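Structure record follows, encoded as structure tokens.
Residue numbers (the working numbering): 0 to 534.
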């Protein structure tokens, strides 16, 4: 107790003599207000500091999240590394197979070229031999001139030619084909031995072509699966896909695979496989469709140029090769197939819009070159004395007629290219060269009558109608002036001989080629008021 008593501090004692400051309600209120203001300032400072800490926490959380993403980066790196390895393996595979593809493609092309050259040489030899043979008969010579085949060999060739002609005639009669003249057939028949040898060689090439990728995994030879790999890249990393210019690389990358599928493709054959029906075409078309791209970006999608570039770099050069070495301009079937294919490619499958197509220009130049060569080498219409051709059953008359109709067929084939080849070029080949240089000479030596009218009618039927749509002057094309003068002479002769129906037919031909001034003058000259309705 004594210790506790001692340890307690002494209580201060109030000294009543000390005076305290006066205290009133205003002073207390003022001090409380100052205290509250001070506390509010401190609170606001703390509030700002708290908000700063919250912001720092959120920023730290985001930083943590960013730092927690090294797993995605690893996946991205893994994808790029796998894509790089795949691309290298694919290129190595194609480089290894490229030699085999080139050899088989060349072998097939050489096989088709040899067949075409064999048929062309046979046709030219038979033409030369038949012309020589008829010339000997008309001249009364017993021995052939130098340069031809001798004796039995020549006779045998002519007999084989006539046998093929008879066989074709029987086929036409059986099929009911009426609008045909001797000489309008392409004479493309091969002997059974030649057919067997050709088919055997072709089968061997196709068998080897099927073995090209037999040891290759589908991921490296199936175009659809290859494109799916690049489609995956595009969907995951569109920016890097575009930066790598994959759309420009794919046509060259796919070139060997497409060429391997085209080894058996021949656009000159009847019922050939359309491009749209081929697996590679459908695969590239689906890839270029860009279904996963919005409409606003679809026009700028570089993959839309993949298919046009494939056609530009792979298809057009192959077609050019066919035109140069295999196409026979005298064959209507081949020409129609080629024309339809070009129309389809140039109009429906539009080529790259960014620049002019050099491959297209090369193809068109080769088409023109081949047609010029055919006009120069395949057209031959002999001129015989009128006495030699008056008898329609004579060898001279038959041979001359066959050569005329063969030239008409070539004219028709040349004019099929109107709208694809430049019009000036088509008119020069078809009208200036074929019609005015060859056909018209025969027409001038054919007496006015049904035969002459039929020939003229066929010539006019070959002419494209669009050439005459914009002619307003009543005068025909400059290249047809000589032809129209021939028709006018025929009409006058027929009118003088009172062949009114045939005269009207000739006038109708003049109307078709828009030689209206000639028709009007003729009607006025002969007072044929009833024929004004034909104009």
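Think of the CB as a built atom: it goes at the ideal place given N, C-alpha and C, for glycine as much as any other residue.
Computed from a predicted model, the values in this text were never measured in an experiment.
Residue pairing of residue 417 in beta bridges, as defined by DSSP: 420.
Pairing residue 192 with residue 117, the inter-Cα distance amounts to about 14 Å. Per DSSP, residue 336 is one residue of the alpha helix (DSSP H) stretching across 331 to 342. Pairwise C-beta distances place the stretch 493 to 503 out of contact with the stretch 461 to 472, as fewer than three of them are shorter than 8 Å. Scanning the stretch 359 to 436 for uninterrupted alpha helix (DSSP H) segments of 4 residues or longer gives 385 to 388, 394 to 414, 422 to 426, listed from N- to C-terminal end.
With contact defined as three or more Cβ pairs closer than 8 Å, the stretch 473 to 481 and the stretch 513 to 527 are in contact. Distances from the alpha-carbon of residue 111 to those of 197, 433, 425, 63 put 197 closest. In the displayed model, residue 242 falls within a helix according to three-state DSSP. Here the stretch 421 to 429 makes no contact with the stretch 437 to 448; the two share fewer than three CB pairs at distances below 8 Å.
For residue 510, the enclosing alpha helix (DSSP H) begins and ends at 499 to 511.
Just so you know, the alpha carbons of residue 128 and residue 401 end up roughly 15 Å apart.
The alpha-carbon separation between residue 455 and residue 404 amounts to approximately 11 Å. From the listed residues 232, 229, 262, the smallest Cα separation to residue 207 is found for 262. The three-state secondary structure of residue 265, taken from DSSP, is coil. The three-state reading of DSSP puts residue 61 in helix, counting H, G and I together. Under the three-state reduction of DSSP output, residue 452 falls in the helix class.
Taking the CA atoms as reference points, residue 326 sits about 57 Å from residue 73.
In this structure, DSSP gives residue 495 a helical state, which the three-state scheme calls helix. Only residues of its own chain outside the window of five on either side were considered, and among them 108 have a CB closer than 8 Å to the CB of residue 320, listed in chain order.
Contact annotation: the stretch 322 to 341 touches the stretch 360 to 371, with at least three C-beta pairs closer than 8 Å. Excluding residues up to 5 positions away in sequence, 282 lie with their Cβ nearer than 6 Å to the Cβ of residue 223 in the same chain. Following the DSSP letters along the chain, one finds residue 317 inside the alpha helix (DSSP H) bounded by residues 315 to 324.
Contact check for residue 512 and residue 483: beta-carbon distance about 7 Å, within the 8 Å limit, so the pair qualifies.
Within the same chain, 415, 416, 419 come within 8 Å of residue 338 by CB-CB distance, once the 5 residues on both sides are set aside. A straight line joining the alpha-carbon of residue 78 with that of residue 221 spans about 21 Å. Contact between residue 431 and residue 478 holds, with the beta-carbon distance rounding to 5 Å and staying under 8 Å. Taking a C-beta distance under 9 Å as the contact criterion, residue 210 and residue 218 do not qualify as a contact pair. Residues of the same chain with a CB within less than 6 Å of the CB of residue 180, apart from the 5 flanking positions on each side, are 404 in chain order.
In this structure, residue 103 places its C-beta atom within 9 Å of the C-beta atom of residue 259. About 7 Å separates the Cβ atoms of residue 394 and residue 136, confirming a contact at the 8 Å cut-off. Collapsing the DSSP output to three states places residue 462 in coil.
If the five residues before and after residue 313 are omitted, its C-beta is found closer than 6 Å to the C-beta atoms of 254, 257, all from its own chain and listed in chain order.
Nearest in C-alpha terms to residue 436, of all of 407, 63, 269, is 407. Going by DSSP, residue 518 is part of the alpha helix (DSSP H) stretching over 515 to 524.
Secondary structure note for residue 442: its alpha helix (DSSP H) is the uninterrupted segment 439 to 443.
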